[in-house]
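Residue numbers (our numbering), protein chains in the order written: chain A, 33 to 379; chain B, 33 to 379; chain C, 33 to 379; chain D, 33 to 379.
There are 4 protein chains.
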Amino acid sequence: MKAVVFHGPGSRSLEEVPDPEVTDERDAVVRVTATTICGTDLHILQGDVPAVRPGRILGHEAVGVVDEVASDVHGISPGDRVLVPAISACGRCRYCHAGHYGQCIGGGGWLLGRCYDGTQAEYVRVPFAHNSAYRIPGGVTDEQALMLADVLPTGYEVGALNGHVQPGDVVVVIGSGPVGLAAIMGARLFSPSHVVAIDKAEPRLAAARRLGADVTVNDLQEDPLSTVRSLTDGLGADVVIEAVGSPETFEMAIKLTRAGGRVANVGVHGRPITLHLEDQWPRDLTITTGLVDTCSIPALLRLVECGQLDAGKLVSHRFGFDEFERAYQVFASPADSGAVKVVLSAD
Amino acid sequence: MKAVVFHGPGSRSLEEVPDPEVTDERDAVVRVTATTICGTDLHILQGDVPAVRPGRILGHEAVGVVDEVASDVHGISPGDRVLVPAISACGRCRYCHAGHYGQCIGGGGWLLGRCYDGTQAEYVRVPFAHNSAYRIPGGVTDEQALMLADVLPTGYEVGALNGHVQPGDVVVVIGSGPVGLAAIMGARLFSPSHVVAIDKAEPRLAAARRLGADVTVNDLQEDPLSTVRSLTDGLGADVVIEAVGSPETFEMAIKLTRAGGRVANVGVHGRPITLHLEDQWPRDLTITTGLVDTCSIPALLRLVECGQLDAGKLVSHRFGFDEFERAYQVFASPADSGAVKVVLSAD
Amino acid sequence: MKAVVFHGPGSRSLEEVPDPEVTDERDAVVRVTATTICGTDLHILQGDVPAVRPGRILGHEAVGVVDEVASDVHGISPGDRVLVPAISACGRCRYCHAGHYGQCIGGGGWLLGRCYDGTQAEYVRVPFAHNSAYRIPGGVTDEQALMLADVLPTGYEVGALNGHVQPGDVVVVIGSGPVGLAAIMGARLFSPSHVVAIDKAEPRLAAARRLGADVTVNDLQEDPLSTVRSLTDGLGADVVIEAVGSPETFEMAIKLTRAGGRVANVGVHGRPITLHLEDQWPRDLTITTGLVDTCSIPALLRLVECGQLDAGKLVSHRFGFDEFERAYQVFASPADSGAVKVVLSAD
Amino acid sequence: MKAVVFHGPGSRSLEEVPDPEVTDERDAVVRVTATTICGTDLHILQGDVPAVRPGRILGHEAVGVVDEVASDVHGISPGDRVLVPAISACGRCRYCHAGHYGQCIGGGGWLLGRCYDGTQAEYVRVPFAHNSAYRIPGGVTDEQALMLADVLPTGYEVGALNGHVQPGDVVVVIGSGPVGLAAIMGARLFSPSHVVAIDKAEPRLAAARRLGADVTVNDLQEDPLSTVRSLTDGLGADVVIEAVGSPETFEMAIKLTRAGGRVANVGVHGRPITLHLEDQWPRDLTITTGLVDTCSIPALLRLVECGQLDAGKLVSHRFGFDEFERAYQVFASPADSGAVKVVLSAD
């Protein structure tokens, strides 16, 4: 089959590789009909994720059709249209029992495109498929379902749920990349009074407005603090979601939060941050970090199916699978391309 | 001043009475600019609420302008436009400290139009005004604010919050009178996948659709159980809100709820109900009862102000204050009039 | 092997039957070293549980040693000492994913001694053993672990957790049978200010005092309402746990609860109850029902292991497995025998 | 009257000053029968709290007898024995309505001994006395009640409640000074399986064992990480409470916490800390900061009254009020004196 293979920093190629096979009782093999590229794939290509070795097929999000299931996989059958999420969950460890699939200590976690060959391929072996593949309801398109493999659960779980957004809250989302936009959509499910999006790129702020932000701040031009204070009687935001991953934006998140508020970190950080506890110790802050669990997929599927959540709005570009090179270029240059999520379809 | 006075079962009149005066350090006097009629007022007129004695001015919902405040009332001043809620809260007892104003044991609770003269008058004395009057933001109309005096907090607090509605849930609301409709609006703030409204009157079901129900069942014609099962893989609803107050509808609520689900009773009951614990003991149900606290008013005001909650949609009829007799007739005959909430304005 | 077999109402016998065998990939066979009798077994013998057919081996609680595991059972191995709980959990359905094993819709739930042959035998086949058998830490005795198969999780989960006991609360437990006593122990883990035990039998009230009640009321002689009011400034209890299962005790539970309080039903009811919603609708009550999930077993095992929970205190009588007839007699006559939980050991 | 007056860094004296008087409708004057010294008083004397100006009477914890109440103070009367907590709460602002008295924006917060004259005096004016003075039940001694003015609510609210301690958890408390010991006592109310105390001073670790720690680690001699890992199957602690306030101990707190665990900061920090988000972003941590609210005083009083919480155990030394100089010396030298909390009584 054809697959996108990582060959060390800066190097990837679409090439012919052997088809995957079931090797464990809990495996399934899925024929991929649509996949996408994540910001993490770009990090891998920059050499920032040493766990990923040359030779690895990239990608951790897919929808497809079940080709084969091993003996211990119940609930899905060959021919079923399924969503393959970023996280594989053993389903039996202490963390999986609590729904914390991202922290699985039974062999799962983020495996695809990292320790296992990934989804940017014609077929993918899905580990722990008994607990890590979701049948897609008839009314949900491939493209919509694909957005539930990683980006929307990340924004919803790590942003909106960890941030404990409540009706009437003022919510700030720093960063309007794909995950920030997903956090805006996730936060909107709880009816905040305002969602303030902060970014430096106008096209991203325009996307934020389309996806649910009612206030946008370009922090190259405006001071977000004065905007947030004017919306909150000077107190600060109830919830701030950090979706960039830099020391500067994390410190901004802390500053924008009211006493008693919550800071939900979604951003992937590469450096330590400084937390001014000499100021913050008495302010009743709650700061959360987290990796997606994808445990919210069943609820999100229901919301997409009934039309309450327009997951497809995150898709900005569509490609055939053979156009993977162009798709990577577009996705890696959002300032030029306006890319949010790109979809690569099998035909 | 003019006021609507209760003269015993079946008897009320608009008549001239003395103006109210401040008699306690925590009082305010408010000039009423808009008031409304509640189903409870009809119960009082039927003689069902013995605590209300002849001579009492009716009404427990108002917006108006502060005329006078006593020494211990801070935060509102003469000339301020304010919302006077159904519940007066001492602010100092164990229940008030927990936000359970409806259960106040420091002299508060439901006072206006019951133990104190009410709001269907040109002026009203507001007890515990330091904690029971809310300044109305500029962008919120009198009519919108008036809906936050009782009906919307009741649907939101006793229905949606007690029912712990979550994104993706299937929610059933039994009864599409004013409070049932408010519960539909309140539930929608948490993005359920479906809100099923059940009633016997088509005009009310039409109102339910306008206010957020995506499925309606006329239970004179259809079996709600089969509708709910078809939406829930046969399991039953996640949350059922009872907004009628009869033994039959309460039993329906229990039957429509899935194992592990919640039944939030909002209805005012006059008779005991039978709970089939011989069937329900192992089903992990949570059943709640409750009186409104009106503690959600600040959050609801923010939602109205920013346009997320269209509180005015509950208003079906508008009258001048002198037309109170006609307003009562319209409100008491919703089957003919299509009345939801009626507003009586000062001029 | 030998086993206690149900032969229809009133009839049981210890007899020779074939050894169980693994018949599903998720099965294990466990050699039973200790088992016990539950009040439910007495109900079965009275013919109250029609799902149990003649020929069924009784019992749903055991500790033992793993004899054999099927292909899909990981985490336990032959030779391991294990706890076999009352509930079998598929681990994959919506309810199991939420920890609601008692509501499993994937084939699990209460199976042993009901739809599957039970634990009052030398060997037992354990269904869904991948998710329904717990290795016992070295510092925990068989007898202690056996108390975690059903009775203690029931009191803890359905009583204390559903009742949401908080430090400083006044908690009432109605009924001081085995499950009521377990609820007392469970409630104590959250440091209530008072635990009031109510029963009609003095020996049971004495057991309640030994296990954590600091106030006891014999309701043949005293009015529990006056006791509870005197402890609560007249308000009523914060939490009432009903552990009897009769209409009278359920109504008592409602009466003893303060406005805003919680009633956790643990009792197994055979008849409907009357709920006076005409009084209770405005009182902010939360009423819960529930079947045990046994999802708390890992936490309870840690508490037993470290000495914080003295599970063995529930054991009143010990028998050899051959003495099952006598054990049933003793357990069925607690008024005479003072029985709480009886243990039947393999040798 | 006599009072301990701050005269700038390093300088304090017991001197004669005018008696306080009621100056606001919400004031009370209390005759102090017992007061104590807090670590914060030492910080003030070091000049670390610039808000405190020379001439200020120190102290923010007291029990005493009500001498006079202003017009708006209901619920306490002259002659009542009362607890005066560290936090004064207006009772009417958004934060007070949510029980977050420490964040009061209506004029309250930490006032006594900071912006208002404090409790180390024969009399104290108590602001917002309608909401900031608690009648002491007959069965509670002055000394016990005094421990509820600050130190025990701080350990309970900011440590145990923010840390969300659950039965069976492994809890680590870093620092065994007065607040760390209070956190140990607070955590024990939720029945953790283990409470691990970490300190560098053996007498403090001995105190930790007396007050509820079952494991102690002197981190001058042992590596806390290996102890915590050995108790948690290598995962790390469920909850870590930081009660020191240094960058080193905060980083230790993060390292000792399992994925999905909670870090509750109680320590008062004077410098920023470094948070290694490059490691922690995917670990599902929850980090909280906070100032005490003292909203838990009613529950803690009930626990002391019924004997569930032995608040007096925190008291190590007792002095007459005239011995304040010696009391300060003892409290400031815990390594030599073994001081935990010192009590200064009026006679």
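Idealized CB from N, CA, C, for every residue including glycine.
What residues from chain C crowd round residue i, counting only those whose CB sits closer than 7 Å?
i: Arg-334/D; result: Gly-200 and Ser-225
List the endpoints of the continuous alpha helix (DSSP H) containing residue i.
i: Ile-69/D; result: No alpha helix (DSSP H) contains Ile-69/D, which DSSP labels as neither H nor E.
i: Gly-218/D; result: 210 to 220
i: Val-260/C; result: 256 to 263
i: Thr-281/B; result: 279 to 288
i: Tyr-155/D; result: Per DSSP, Tyr-155/D belongs to no alpha helix (DSSP H); it is in the beta strand (DSSP E), 155 to 158.
i: Glu-175/A; result: 174 to 178
i: His-196/D; result: Neither: His-196/D is in no alpha helix (DSSP H) and is coded neither H nor E.
i: Arg-126/A; result: 126 to 129
Going along the chain, which residues of its own chain have a beta-carbon closer than 7 Å to the beta-carbon of residue i, five neighbours each way excluded?
i: Asp-201/A; result: Pro-224, Ser-225, Asp-270 and Val-271
i: Val-436/C; result: Residue 436/C lies beyond the stretch modelled for chain C, which goes from 33 to 379, so this question has no answer here.
Per DSSP, what kind of secondary structure is residue i in: helix, strand or coil?
i: His-226/D; result: strand
i: Ser-120/B; result: strand
i: Ile-89/D; result: strand
i: Tyr-305/D; result: Sequence inspection shows Ile at residue 305/D; the Tyr mentioned does not correspond to that position. Of the three classes helix, strand and coil, the one that applies to Ile-305/D here is strand, per DSSP.
i: Arg-242/D; result: helix
i: Leu-46/D; result: strand
i: Asp-311/A; result: helix
i: His-75/C; result: helix
i: Lys-9/B; result: This structure does not reach residue 9/B, given that chain B is present from 33 up to 379, and the question cannot be answered.
i: Glu-337/A; result: helix
i: His-349/B; result: strand
i: Thr-151/A; result: coil
i: Ser-164/A; result: coil
i: Ala-60/D; result: strand
What residues from chain B crowd round residue i, counting only those whose CB sits closer than 7 Å?
i: His-162/D; result: Arg-124
I'd like the span of the beta strand (DSSP E) that includes residue i, first residue to last.
i: Val-362/B; result: No beta strand (DSSP E) holds Val-362/B; the alpha helix (DSSP H) holding it covers 356 to 364.
i: Ala-35/B; result: 34 to 38
i: Gly-96/C; result: 94 to 101
i: Ser-377/C; result: 373 to 377
Please compile the residues from chain A whose C-beta is within a distance smaller than 9 Å of the C-beta of residue i.
i: Gly-131/D; result: Within 9 Å Cβ-Cβ: nothing; Gly-131/D doesn't reach chain A, min ~10 Å.
Within the same chain, show all residues whose beta-carbon is closer than 6 Å to that of residue i, passing over the 5 residues directly before and after it, in chain order.
i: Pro-41/C; result: Gly-79
i: Arg-63/C; result: Gly-96, Val-97, Asp-99 and Tyr-155
i: Gln-152/B; result: Val-36, Thr-67, Leu-90 and Gly-91
i: Arg-124/C; result: Gly-138
i: Asp-149/C; result: Ile-89
i: Ala-219/A; result: Ala-192, Val-197, Val-203 and Val-227
Is residue i near the ligand NAD, judged by its Cβ being under 7 Å from some heavy atom?
i: Gly-344/B; result: No copy of the ligand NAD occurs in the structure displayed, which carries no ligand at all.
Could you work out which residues of chain D lie near residue i, taking near to mean beta carbons separated by less than 9 Å?
i: Glu-57/B; result: Glu-57, Ser-103 and Asp-104
What residues from chain C crowd round residue i, counting only those whose CB sits closer than 8 Å?
i: Phe-356/D; result: Under the 8 Å cutoff, chain C gives no residues; its nearest Cβ is about 33 Å from Phe-356/D.
Taking Cβ-Cβ distances shorter than 8 Å, what residues in chain B pair up with residue i?
i: Gly-107/D; result: Arg-124
Is there contact between the stretch 189 to 197 of chain A and the stretch 86 to 95 of chain A, where contact requires at least three CB pairs shorter than 8 Å? no
Would you call the stretch 232 to 244 of chain D and the stretch 291 to 311 of chain D touching, i.e. three or more CB-CB distances under 8 Å? no
For the stretch 195 to 213 of chain B against the stretch 271 to 291 of chain B, are there 3 or more C-beta pairs whose distance is under 8 Å? The stretch 195 to 213 of chain B is in contact with the stretch 271 to 291 of chain B.
Is the number of C-beta pairs between the stretch 174 to 188 of chain D and the stretch 309 to 316 of chain C that are closer than 8 Å three or more? no
Examine the Cβ distances between the stretch 288 to 300 of chain B and the stretch 113 to 133 of chain C and report whether three or more of them are shorter than 8 Å. yes
If you pair each beta-carbon of the stretch 326 to 344 of chain C with each one of the stretch 172 to 182 of chain C, do three or more pairs fall below 8 Å? Look at the beta carbons and you see the stretch 326 to 344 of chain C touching the stretch 172 to 182 of chain C: at least three pairs across the two are nearer than 8 Å.
Check whether the stretch 318 to 327 of chain C touches the stretch 106 to 119 of chain C, counting contact only when three or more Cβ pairs, one atom from each stretch, lie closer than 8 Å. yes
Indicate whether the contact test is met: 3 or more Cβ pairs, each with one atom in the stretch 163 to 175 of chain A and one in the stretch 328 to 337 of chain A, closer than 8 Å. Segments in contact, yes.
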